[in-house]
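Novice:
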Amino acid sequence: MDIYAQAVLHPYLTLFGISVILALRKEFSGRSRSRLPLPPGPKGYPIVGNLFDMPQERTWLVYNEWFKIYGDMVYFKVFGQGYLILGSSERTNDLFEKRSTNYSDRMEPTMLIDLMQWQFNMAFLPYGSWWRRHRRAFHEHFHANAAVKYYPIQLRETHAFLRRLLVTPENLRHHIRHTFGATIMDVAYGINVSEGNDPYISTAEEALYGLSQAGIPGQFLVDFVPILKHIPSWFPGANFKRKADHWRRLNIDMAVKPFEHVKKMLHLGTAGPSLAATLIEGLPNEGGERRAEEEELARNTAAVAYVGGADTTVSAVQFFFLAMAMYPDVQRKAQAEIDAVVGSNRLPDFNDRQALPYVSAMVKETMRWQAVSPLAIGHKCSSDDEYNGTLLHDPEVYPSPEEYKPERWLRDGQLDPTAQDPTVAFGYGRRICPGRYMSDNSLYAMIALTLAVYNITPSMDDQGNPIPLTPEPTSGMLSYPAPYQCTIKPRSYAAEALIREHNTE
43 MDIYAQAVLH PYLTLFGISV ILALRKEFSG RSRSRLPLPP GPKGYPIVGN LFDMPQERTW
103 LVYNEWFKIY GDMVYFKVFG QGYLILGSSE RTNDLFEKRS TNYSDRMEPT MLIDLMQWQF
163 NMAFLPYGSW WRRHRRAFHE HFHANAAVKY YPIQLRETHA FLRRLLVTPE NLRHHIRHTF
223 GATIMDVAYG INVSEGNDPY ISTAEEALYG LSQAGIPGQF LVDFVPILKH IPSWFPGANF
283 KRKADHWRRL NIDMAVKPFE HVKKMLHLGT AGPSLAATLI EGLPNEGGER RAEEEELARN
343 TAAVAYVGGA DTTVSAVQFF FLAMAMYPDV QRKAQAEIDA VVGSNRLPDF NDRQALPYVS
403 AMVKETMRWQ AVSPLAIGHK CSSDDEYNGT LLHDPEVYPS PEEYKPERWL RDGQLDPTAQ
463 DPTVAFGYGR RICPGRYMSD NSLYAMIALT LAVYNITPSM DDQGNPIPLT PEPTSGMLSY
523 PAPYQCTIKP RSYAAEALIR EHNTE
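Sequential numbering from 43 applies to the sequence shown in my numbering.
1. Determine the extent of the alpha helix (DSSP H) in which Gly252 is found, giving its start and end residues.
2. Are the stretch 452–463 and the stretch 390–408 touching, with three or more C-beta to C-beta distances below 8 Å?
3. According to DSSP, simplified to helix, strand and coil, what is Val90?
4. Considering only residues of the same chain and omitting the five flanking positions on each side of Ala537, which have a CB-CB separation below 8 Å?
5. Are the beta-carbon atoms of Met153 and Phe222 separated by less than 8 Å?
6. With DSSP run on the structure shown, which of helix, strand or coil describes Asn16?
7. Assign Asn342 to buried or exposed, taking buried as 16 or more other Cβ atoms, counted over all protein chains shown, within 10 Å of its Cβ.
8. So Phe362 is in the alpha helix (DSSP H); what residue range does that whole segment cover?
9. Can you give me the C-alpha to C-alpha distance between Pro416 and Pro97, rounded to a whole angstrom?
10. Using 8 Å as the threshold, is the C-beta distance between Arg205 and Gln360 below it?
11. Figure out for me which residue from Lys531, Val401 and Ser316 has the closest Cα to the Cα of Ala230.
12. Measuring straight from C-alpha to C-alpha, what distance separates Tyr112 and Gly83?
13. Could you tell me the alpha carbon to alpha carbon distance between Val439 and Trp108, rounded to whole angstroms?
14. For Leu270, collect the residues of the same chain with a Cβ closer than 6 Å to its Cβ; drop the 5 residues on either side in sequence, then sort them by chain order.
15. Might you give, ordered along the chain, the residues of its own chain that have their beta carbon closer than 7 Å to the beta carbon of Ser501, omitting 5 neighbours on each side?
16. Within this structure, are the beta carbons of Tyr117 and Pro81 separated by less than 8 Å?
17. Output the distance between the C-alpha atoms of Asn213 and Lys375, rounded to the nearest integer angstrom.
18. Where does Tyr87 land, buried or exposed, given buried means 16+ other C-beta within 10 angstroms?
19. Sorted by chain position, which residues of the same chain lie with C-beta nearer than 6 Å to Trp289's C-beta, five sequence neighbours on each side aside?
20. Taking the alpha-carbon of Gly455 as reference, which of Ile489, Gln396 and Ala490 has the nearest alpha-carbon?
Structure follows, in structure tokens:
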């Protein structure tokens, strides 16, 4: 090795040595600080712990195997940092609901926070006053009663979705993503996105892909050895830094550009109504530090609405179309209910929801059947705690969890108030997603209006046989169904006429 190479490598070998020392210090300080019994889990190695046990693909499947071996609480360590995985609704409810004060803090992954700068998203903020201010600002505009004001936008964009599906049903995934991107861009920024490859939506897609990849536990070593973040991007083996640089630029564009656009439109007097416009107009008039802080809060609030609305519901709707192609009896029951309540002369709207219990049950079942965020976001314990003892697929709560079965939410033909609601899809305790009401409304509109006018069936092979379909979720913090084919056709000429009647383009 030449002198130059030694000079380059020396500081980074030193960094690695320091990281090992810190891991050992964390390991032994943890042992001396607490003698509370720990749940069982896989046996690790000295220093690195369970680093080599961390799965890179479909992580939740590995966790499910661990639950079978060790029970519904599994504990493991990586570089001295302890992790607890919960595998039952009872365990999760006890910790995140009943002990939410101690379990509402957040892990702060180095890749996501320090390198990719996702701290504008309150989902990743540590528990404290700054997080509470974000939560209050968002909740003010998206609580159950406030979400009603977005009905017209949601219906308009769903009508447009039905029309696009009529023209190019083979572009289902693009149409779904465009629909929810257009909805939330209007709600958050008052921006009408273009029909094609809109730059705002494209930026969000790439940024959220980065989030999905970096959010997988164990995907990047820097999360376990934070000191590695100081390695320069050009250094051999530092591909994670190059990825982080790319994703960080996308994150900044996603959060800043549409917000600055609204500021400009307000200055020109041409801004339409939106969340961002309301927040900007409410900023203090004086400049200085307070103004800058309040503007950052406003920008973050709008960006969080954009991120949440542009992705999680997209995944749920993709799984819904797959479920309809796989479960024709469910589809027919829902269509019969819609026909009986709404008729064939108009499309359903939100006023019909109370009279459509089976459709409402489908909304719940769609959120339960395939979790859009199977790994959730890690909580952090604020202090040592003692506790005695894949949630939406817990067979103790949901018998035959792999089946898409809306009937599990019904009793005597109405929604069963005693059924455990699938709100765990939106998180737990003080960290539950505050945008869940708008997401629920969007999913209802998509299910009710689509089934009112379309039949969804499996595609056929060359021999005229249905192509088998199975749900195969992708890996990542955000999960989508693997590509699948289905056939989407209007239920009748009258249904097609109804679609064209609501042409908003």
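Every residue, glycine too, gets a C-beta built ideally from N, C-alpha and C.
Specialist: The structure says:
1. Taking the first residue of the sequence shown as position 1, residue 252 is located at position 210. Counting along the chain, the alpha helix (DSSP H) containing Gly252 begins and ends at Pro241 to Ala256.
2. yes
3. Start at 1 with the first residue of the sequence shown, and residue 90 comes out as number 48. Coil.
4. Residue mapping note: residue 537 aligns to position 495 of the sequence shown, counting from 1. Cβ within range, chain order: Ser386, Ala494, Val495 and Tyr496.
5. To locate residue 153, count along the sequence shown from 1; it is residue 111. To locate residue 222, count along the sequence shown from 1; it is residue 180. Cβ atoms of Met153 and Phe222: not closer than 8 Å.
6. Outside the shown range of the chain (43 to 547) lies residue 16, about which nothing can therefore be said.
7. Along the sequence shown, read from residue 1 onward, the residue named residue 342 stands at position 300. It is buried - the Cβ of Asn342 has at least 16 other Cβ atoms within 10 Å.
8. Sequence index remark: in the sequence shown, residue 362 carries index 320 (1-based). Note, Phe362: alpha helix (DSSP H), Thr354 to Met368.
9. One-based indexing of the sequence shown puts residue 416 at position 374. One-based indexing of the sequence shown puts residue 97 at position 55. Because Pro416 carries a pLDDT of 48, less than 50, the predicted location of this residue cannot be relied on, and no value is offered for it.
10. As a first step, residue 205 must be located in the sequence shown, where it is residue number 163. As a first step, residue 360 must be located in the sequence shown, where it is residue number 318. In this structure, Gln360 does not lie closer than 8 Å to Arg205 by Cβ.
11. Locating residue 230 in the sequence shown gives position 188, where the first residue counts as 1. That would be Ser316, whose Cα lies nearest to the Cα of Ala230.
12. In the sequence shown, counting from the first residue as 1, residue 112 sits at position 70. In the sequence shown, counting from the first residue as 1, residue 83 sits at position 41. Cα to Cα, the separation comes out at about 6 Å.
13. Residue mapping note: residue 439 aligns to position 397 of the sequence shown, counting from 1. Residue mapping note: residue 108 aligns to position 66 of the sequence shown, counting from 1. Cα-Cα distance, rounded: 19 Å.
14. Start at 1 with the first residue of the sequence shown, and residue 270 comes out as number 228. So the list reads Val264, once near-sequence residues are dropped.
15. If you number the sequence shown from 1, residue 501 lands on position 459. These residues qualify, in order along the chain: Ile509, Gln527, Cys528 and Thr529.
16. For the purposes of this step, residue 117 is taken as residue 75 along the sequence shown, with counting starting at 1. For the purposes of this step, residue 81 is taken as residue 39 along the sequence shown, with counting starting at 1. Yes, Cβ-Cβ distance for Tyr117 and Pro81 is below 8 Å.
17. If you number the sequence shown from 1, residue 213 lands on position 171. If you number the sequence shown from 1, residue 375 lands on position 333. Roughly 26 Å between the two C-alpha positions.
18. Locating residue 87 in the sequence shown gives position 45, counting from the first residue. Under this definition Tyr87 is an exposed residue.
19. Walking along the sequence shown from the start, residue 289 turns up at place 247. Hits under 6 Å: Met158 and Gly252.
20. By one-based count along the sequence shown, residue 455 stands at place 413. Here the closest residue by C-alpha is Gln396.
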